[in-house]
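Every letter in the sequence shown is one number past the one before it in the numbering used here, and letter 316, counting from 1, is 316. Heads up, the beta-carbon is just placed ideally off N, CA and C, and yes, glycines get one too. All remarks here apply to the structure that follows.
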Amino acid sequence: MDAAAVIGCFRDRSILITGSTGFLGKMLVEKILRVQPDVRKLYLLVRAPDAASAEHRVLTEVVATKLFDVLRTKHGADFNSFIKNKIYPLPGDITKETCALRNSMVEQISKEIHVIVSVAATTSFYERYDVALASNTLGVAHVCDLAKKCANLKMFLHVSTAFVAGAQEGLLVEKPFDVGKALKKDYDLDIQSEKKLVESVKSKLRIQFSNDKIEKRKMKKLGLKRARHFGWPNVYSLTKAMGEMLLGSLGQDLPAVIVRPSIISSTFQEPMPGWTEGTRTMDMLYVAYNDQKLSCFIADRNVIVDVIPGDMVINALMVAMAIHWDTHGKQAIYHVTIGHRNPLLFSTFLESGYEYFRSNPRVTKDGRIVKDRRVKVFKKYTFFRLYMILRYNLALETLHVMSVFGHSVSQHYDKLKRGYNFLILVAKLYAPYAFFKGCFDDTNMRNLWAITSTDQLKDGSTFDCDPACIDWGSYLINTHIPAALTYARNNN
């Protein structure tokens, strides 16, 4: 299959995309419009109370971003009319039945839609359990129900994450989950029971406390507790896994494809190098180091940090859709990952950061250059805990006693306490990835690489999704780290 065949699949087609205001969703919107301007309509389902609010969100959060600069230049004065003709914002909510769409709209799109791309998700590792369950799990069921109503549907593509594998070791194959089977051996996972548990806990919390902050904290702790109870490291990977389970049981008759990217980073090439939004997973380490908040971390320097640029993920999505176009039956699964093809070691990830900061020294507000100190990386959690006790706990206890002597001591205590809490939370949330011993099988992805690695369109756009071409040191130092830091600086 060549590029023309991939592009041809989207000609004169109506496509419904959820999550278009998110990082990956807006990249997909831009790519489709750039390579296939003859797409009929892009229905963008966004959380909004009415059509005007939905349109405002799409125009400000999607179209107005730098990501669309190439399209703006290409269409010039006709850009706004082009966007208006191609994009149809839909006010809705995937956490609600029928995605909160009016009956008349459901009837309309059921006749028009050829493709549904389910991207919407909450990606926080420490999200409230009720929020993550509603979006990442039950939301899949609602979008799936909508897909079943679409008489002309040719493709249902669901974006998951490779880390639904949890903390498993060894080769992690591209296969679906067994519905109701947890990662922890001999544990059963019932989604409806989890839904009832959330409702019960929330009801008790509201009677007992009637405090939103307490409810939020308790629901976050519940999510982490339930995830680890079933064998997943965090609420994100648990609820995404449960979403796949629902798709597996409810979407058996759909032409469905599941794409599981690993950690998604800034763009490698398209539509420009280094476009990013949000502080994405391990970027937090670069940002925290830049802000002088990262004195230590726990990790195995030889572990693979499985990172894939966002534009390669988008290319994989589009080629996978084209290959499985109008194919019903067994769901295809793709790991969009780098572990086998072009592994990035944590040591390279770390040293690239040091190299960047050596070449781009940090400067304080008063113009002093900040000395680059290496982060203390502990390979064992025991050593990390000992360091935290000696470096923080003893000092905190002393300052707590001395706080009666003045406001300045109390301020110092509060600052040290915030630093301590930050490092503990970082270790808790990111350690499973910094010690990850699994390697994602890429058997299905190899087919996409073979198809796309030499494919080049005349206008320079490609569908290349083979990470073998990436020089990780160069990409991190020259493209990704500056992009991550610029985003963090502009959004603080």
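Residue j beta carbon less than 7 Å from that of residue i
| i | j | result |
| --- | --- | --- |
| S20 | V63 | no |
| S352 | G473 | yes |
| F125 | L189 | no |
| D12 | R34 | no |
| F440 | L172 | yes |
| M219 | R358 | no |
| V179 | S249 | yes |
| P467 | N342 | yes |
| V198 | L138 | no |
| F436 | V313 | no |
| L344 | V287 | no |
| N490 | Y334 | no |
| S118 | K149 | no |
| I32 | F68 | no |
| G92 | L45 | yes |
| T337 | A162 | yes |
Reduced DSSP secondary structure (H/G/I, E/B, other) of residue i
| i | result |
| --- | --- |
| G180 | coil |
| K494 | Here the chain comprises residues numbered 1 to 492, so residue 494 is not present and cannot be evaluated. |
| V319 | helix |
| C144 | helix |
| H335 | strand |
| F378 | strand |
| D130 | helix |
| D459 | For D459, the predicted model reports a pLDDT of 47, less than 50, meaning its position is unreliable and no value from the coordinates is stated. |
| V35 | helix |
| V259 | strand |
| K368 | Lys is not the amino acid found at residue 368; the sequence shown has Arg there. Here R368 sits in coil by DSSP. |
| V117 | strand |
| C439 | strand |
| Y88 | strand |
| V46 | strand |
| S160 | coil |
| D2 | coil |
| I94 | coil |
| K149 | coil |
| V363 | strand |
| G473 | helix |
| S20 | coil |
| L344 | coil |
| K41 | strand |
| S249 | helix |
| D188 | strand |
| G170 | strand |
Cβ separation of residue i and residue j, assumed to be a contact under 8 Å, to the nearest whole Å
| i | j | result |
| --- | --- | --- |
| V319 | L157 | Incorrect: roughly 11 Å between the Cβ atoms, too far for contact. |
| A120 | I87 | With a Cβ gap of about 16 Å, A120 and I87 do not count as contacting. |
| L59 | I15 | Their Cβ separation, rounded to whole angstroms, is 19 Å, which puts L59 and I15 out of contact at 8 Å. |
| T327 | P255 | 5 Å |
| D442 | H340 | 5 Å |
| K202 | E194 | Actually they are not in contact, since the Cβ atoms of K202 and E194 sit about 13 Å apart, beyond 8 Å. |
| P233 | T267 | At roughly 27 Å, the Cβ-Cβ gap does not stay under 8 Å, so P233 and T267 are not in contact. |
| I477 | E355 | 6 Å |
| D155 | M321 | Here residue 155 is Met; the residue named in the question, Asp, does not match the sequence. Yes, they are in contact, since the Cβ atoms of M155 and M321 sit about 5 Å apart, within 8 Å. |
| P361 | V375 | P361 to V375, Cβ: 17 Å. No contact. |
| L448 | A299 | With a Cβ gap of about 30 Å, L448 and A299 do not count as contacting. |
| E97 | H142 | 6 Å |
| V426 | A332 | Not really, about 36 Å apart at Cβ, beyond 8 Å. |
| F422 | K293 | 6 Å |
| L246 | C99 | Not really, about 15 Å apart at Cβ, beyond 8 Å. |
| H400 | Y420 | So it is not a contact: roughly 12 Å between Cβ atoms. |
Residue i beta carbon near the ligand PLP (any heavy atom closer than 6 Å)
| i | result |
| --- | --- |
| R489 | As far as ligands go, the structure on display features none, and thus does not contain the ligand PLP. |
Nearest candidate by alpha-carbon position, reference residue i, set the options
| i | options | result |
| --- | --- | --- |
| D372 | V363, D145, F435 | V363 |
| T239 | S249, R226, Y433, L250 | R226 |
| P493 | G274, G139, T98 | Since the first and last residues shown for the chain are 1 and 492, residue 493 lies out of range. |
| K417 | E55, N393, K376, V198 | N393 |
| A54 | P89, Q36, M27 | P89 |
| T73 | M272, V401, L183 | M272 |
| E174 | S262, L138, V401, C144 | S262 |
| C296 | I32, L350, K213 | L350 |
| M242 | L294, A165, E199, L285 | A165 |
| L24 | V377, L485, E270, Q331 | E270 |
| A484 | E112, R280, N85 | R280 |
| T18 | E30, Q36, R47, A488 | R47 |
| I83 | Q36, T98, N103, H114 | Q36 |
| I191 | V29, K213, D130 | D130 |
| A4 | L28, D38, E30, G22 | D38 |
| V115 | A151, V140, T123, C99 | A151 |
Exercise. In chain order, which continuous runs of the beta strand (DSSP E) of length 3 or greater are located wholly inside the region 281-320?
Worked result: Within the region 281-320, the complete beta strand (DSSP E) runs of at least 3 residues are 296-298, 307-309.
Exercise. What beta strand (DSSP E) runs, 3 residues minimum, are completely inside the region 380-427?
Worked result: none
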